[in-house]
Amino acid sequence: MFHYNSKLLKVSQLAAIAVYDYIGKKDETSADRAAVESMRTELNKLDFNATIVIGEGERDKAPMLYIGEKVGNGSSKLNFDIALDPLEGTKITANNKKNALTVIAMGNKNSFLYAPDVYMEKIAVGPNLPNNFLDLDEPFENVIEKLAKLKKKSVSEIVVCVLDRPRHKNIFEVIKKKKCKKFLIPDGDIFGAVSTAIKKFNIDIYVGIGGAPEGVLAASVLKSLGGQMQCRLIFNNKSQEKRALKMGIRNLKKKYEIKDLIKQDSIFVATGVTNGYLLNGVKKNKKKFITHSLLVSSKSKKINFIKSEFKI
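So the sequence shown is residues 414 to 725, counted in my numbering.
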């Protein structure tokens with residue numbers, strides 16, 4: 414599987430380039446369409462048979478890269494599952510804000526949790542902590558205190574990354590009470606979880622509610638880097654519950670560990686569309702596009718940052 418690293422990297426890079434003309438143009442639909450069309454075209458050139466297990470939505474709601482769609486040119490007997498977000502941050506892109514990415518992960522069949530497109534409670538930390546450290550049901554202030562003790566820091570030195578949303582009011586109150594440092598992100602849920610495993614960000618823990626598909630994608634990186642994550646799906650109505658059951662979710666209240674989200678080896682690739690905390694965005698001059706990407710695989714267990722140039 415890992416010999417597809419460079420091929421998946423190119424799929425992500427070309428999708429980011431395809432979006433370039435829509436950055437800051439206030440047109441979310443066109444930006445997303447450009448990423449989806451590029452990613453689908455490039456995936457269908459690859460010598461494999463793959464199934465989209467996390468994508469643009471269910472078949473009746475997404476014309477391309479829908480859940481269950483087959484991609485690849487069919488010339489190989491190799492079968493894989495693919496989780497992707499052709500443009501994480503359509504609104505970010507349309508308004509030229511930080512952290513828009515093109516994202517793709519691949520694993521062998523049945524590698525990923527088939528996550529419905531609903532919200533998910535998430536809590537994540539980086540490597541070098543005791544196994545099963547995280548528990549969504551433990552009061553967050555207790556988690557912070559335990560984390561500080563394990564990291565030999567004062568509680569006020571703990572950096573908590575959170576999506577800047579009103580729904581996180583209770584988390585903000587705990588952070589304020591414990592006098593922790595707060596790292597707010599306006600959008601870009603994948604970055605939030607992944608940042609805990611990248612030393613330069615100095616982020617100790619990520620917590621909050623975000624998209625379930627993004628949770629699985631982030632878990633691909635965290636597992637490869639030795640991080641931990643615990644998640645629980647959130648259902649707002651019976652229709653969402655019914656869809657989840659149809660996708661094979663049996664326990665609607667289950668707390669998922671990282672081994673439940675990513676069951677086998679995986680490859681993860683992301684390319685910056687707009688400038689962000691994790692990656693620079695696509696740049697263009699008269700002769701070339703310049704992209705900035707990262708590649709993480711469970712084989713290498715490290716992040717590779719990659720700068721590439723594409724002639725125009």
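Just so it is clear, CB atoms sit at the ideal spot from N, CA and C, and this is done for glycine as well.
(request) Using 10 angstroms around the beta-carbon of residue 706, count the other beta-carbons present and answer buried if the total reaches 16, otherwise exposed. (result) One-based indexing of the sequence shown puts residue 706 at position 293. Label assigned to residue 706: buried.
(request) Return yes when the Cβ of residue 428 is within less than 7 Å of the Cβ of residue 529, no when it is not. (result) As a first step, residue 529 is located in the sequence shown; it is residue number 116 there, counting from the start. As a first step, residue 428 is located in the sequence shown; it is residue number 15 there, counting from the start. It is not a contact, given that the beta carbons lie outside the stated cut-off.
(request) Would you kindly work out how many angstroms separate the C-alpha atoms of residue 448 and residue 566, rounded to a whole number? (result) Residue 448 sits at position 35 when you count from the first residue of the sequence shown. Residue 566 sits at position 153 when you count from the first residue of the sequence shown. In a straight line, the C-alpha of residue 448 is about 42 Å away from that of residue 566.
(message) Let's see if you can read the secondary structure: which residues bound the beta strand (DSSP E) around residue 519?
(response) Stepping through the sequence shown from its first residue, residue 519 is reached at position 106. First-last of the beta strand (DSSP E) with residue 519: 514-521.
(message) Here's a check: name, in chain order, each residue in its chain whose Cβ is nearer than 6 Å to the Cβ of residue 682, leaving out the five neighbours to either side.
(response) To locate residue 682, count along the sequence shown from 1; it is residue 269. Excluding residues within five positions, the ones whose Cβ falls inside 6 Å are 421, 422, 425, 517 and 708.
(request) Using the DSSP secondary-structure output, state which residues sit across from residue 641 in a beta bridge. (result) Along the sequence shown, read from residue 1 onward, the residue named residue 641 stands at position 228. Residue 641 pairs with 538.
(message) Just to check my reading of the structure: residue 510 and residue 600 have Cβ atoms closer than 8 Å, yes? What is that Cβ distance to the nearest angstrom?
(response) Taking the first residue of the sequence shown as 1, we reach residue 510 at position 97. Taking the first residue of the sequence shown as 1, we reach residue 600 at position 187. Contact flag correct, Cβ pair sits at about 7 Å.
(request) Determine which residues share a DSSP beta bridge with residue 464 and list them. (result) Translated into the one-based positions of the sequence shown, residue 464 becomes position 51. Paired residues: 483 and 494.
(message) The beta strand (DSSP E) that contains residue 684, what's its start and end?
(response) Here residue 684 is taken as the residue at index 271 of the sequence shown, counted from 1. Start and end: 679-685.
(request) Let me know if residue 615 comes out buried or exposed under the rule of 16 or more other beta-carbons within 10 Å of its beta-carbon. (result) Taking the sequence shown and counting its residues from 1, one reaches residue 615 at position 202. Classification for residue 615: exposed.
(request) Note down the Cα distance separating residue 671 from residue 632, rounded to an integer number of angstroms. (result) Counting from 1 along the sequence shown, the entry for residue 671 is found at position 258. Counting from 1 along the sequence shown, the entry for residue 632 is found at position 219. If I take the Cα positions, the gap works out to 6 Å.
(request) Going by DSSP, name the residue or residues bridged to residue 533. (result) The residue labelled residue 533 in the question sits at position 120 within the sequence shown. For residue 533, which the question treats as bridged, DSSP gives the partners 623 and 646.
(message) DSSP has residue 704 in a bridge; who is on the other side?
(response) Walking along the sequence shown from the start, residue 704 turns up at place 291. Looking at the DSSP assignment, residue 704 forms a beta bridge with 721.
(message) Quick check: the region 455-466 against the region 616-627, are at least 3 beta-carbon pairs closer than 8 Å?
(response) Result no; under three Cβ-Cβ pairs closer than 8 Å.
(message) Which same chain residues end up closer than 8 Å to residue 440 when comparing Cβ atoms and leaving out the 5 residues on each side of it in sequence?
(response) As a position in the sequence shown, residue 440 is number 27, starting the count at 1. Hits under 8 Å: 507.
(request) Note down the Cα distance separating residue 700 from residue 725, rounded to an integer number of angstroms. (result) Against the sequence shown, residue 700 aligns to sequence position 287. Against the sequence shown, residue 725 aligns to sequence position 312. Spanning the two alpha carbons is a distance of roughly 5 Å.
(message) Quick check on residue 499: does DSSP put it in helix, strand or coil?
(response) As a working note, residue 499 is residue 86 in the sequence shown. It is a strand residue.
(request) Would you kindly check if the distance between the Cβ of residue 679 and the Cβ of residue 520 is under 7 Å? (result) Reading the sequence shown from its first residue, position 107 is the one you call residue 520. Reading the sequence shown from its first residue, position 266 is the one you call residue 679. The answer is yes: Cβ separation under 7 Å.
(request) Would you mind giving the Cβ-Cβ distance between residue 642 and residue 674, rounded to the nearest angstrom? I have them listed as a contact below 8 Å. (result) For the purposes of this step, residue 642 is identified with residue 229 of the sequence shown, where counting begins at 1. For the purposes of this step, residue 674 is identified with residue 261 of the sequence shown, where counting begins at 1. About 7 Å separates the two Cβ atoms, so the contact holds.
(request) Look at the alpha carbon of residue 433 and the alpha carbon of residue 655, and state the distance between them as a whole number of angstroms. (result) In the sequence shown, the residue the question calls residue 433 occupies position 20. In the sequence shown, the residue the question calls residue 655 occupies position 242. Taking the straight line joining both Cα atoms gives about 38 Å.
(request) Please list, in chain order, all residues of the same chain as residue 479 whose beta carbon is under 7 Å from its beta carbon, the five residues on each side excluded. (result) One-based indexing of the sequence shown puts residue 479 at position 66. Result list for residue 479: 465, 468, 469, 470, 471 and 472, in chain order.
(message) Looking at the secondary structure, which residues open and close the alpha helix (DSSP H) in which residue 560 lies?
(response) By 1-based counting over the sequence shown, the position of residue 560 is 147. Residues 553-563.
(request) Please confirm if the region 490-502 is in contact with the region 574-593, defined as three or more CB-CB distances below 8 Å between the two stretches. (result) The region 490-502 makes no contact with the region 574-593; the number of CB pairs closer than 8 Å stays below 3.
(message) Among 460, 623, 624 and 691, whose alpha-carbon lies nearest the alpha-carbon of residue 418?
(response) Along the sequence shown, read from residue 1 onward, the residue named residue 418 stands at position 5. Among 460, 623, 624 and 691, the Cα nearest to that of residue 418 belongs to 460.
(request) Report all residues from its chain with a CB closer than 7 Å to the CB of residue 597; omit the five preceding and five following residues, and keep chain order. (result) Within the sequence shown, residue 597 is the residue found at index 184, counting from 1. Result list for residue 597: 575 and 577, in chain order.
(message) Could you tell me the alpha carbon to alpha carbon distance between residue 544 and residue 639, rounded to whole angstroms?
(response) The residue labelled residue 544 in the question sits at position 131 within the sequence shown. The residue labelled residue 639 in the question sits at position 226 within the sequence shown. About 10 Å.
(request) Please look up how many angstroms separate the CB atoms of residue 557 and residue 572, rounded, as I've assumed it's under 8 Å. (result) Position 144 of the sequence shown, counted from the first residue, corresponds to residue 557. Position 159 of the sequence shown, counted from the first residue, corresponds to residue 572. A Cβ-Cβ separation of about 10 Å leaves residue 557 out of contact with residue 572 under the 8 Å criterion.
(request) Give me the Cα-Cα distance between residue 430 and residue 647, rounded to the nearest whole angstrom. (result) Along the sequence shown, one-based indexing puts residue 430 at 17. Along the sequence shown, one-based indexing puts residue 647 at 234. Residue 430 and residue 647: Cα-Cα distance of roughly 34 Å.
(message) Here's the rule: buried if 16 or more other CB atoms are within 10 angstroms of the residue's CB, otherwise exposed. What is residue 628?
(response) Along the sequence shown, read from residue 1 onward, the residue named residue 628 stands at position 215. By the 10 Å Cβ count, residue 628 comes out buried.
(request) Confirm, please, whether the CB-CB distance from residue 625 to residue 533 is below 7 Å. (result) Indexing the sequence shown from 1 puts residue 533 at position 120. Indexing the sequence shown from 1 puts residue 625 at position 212. In contact: residue 533 and residue 625 (Cβ atoms closer than 7 Å).
(message) Looking only at its chain, what residues have a beta carbon closer than 6 Å to the beta carbon of residue 726, apart from the 5 residues adjacent to it on each side?
(response) There is no way to answer for residue 726, as the model of the chain reaches only from 414 to 725.
(request) In the DSSP assignment, find the beta strand (DSSP E) that holds residue 575 and state where it starts and stops. (result) Numbered from 1 along the sequence shown, position 162 holds the residue referred to as residue 575. 572-576 is the extent of the beta strand (DSSP E) around residue 575.
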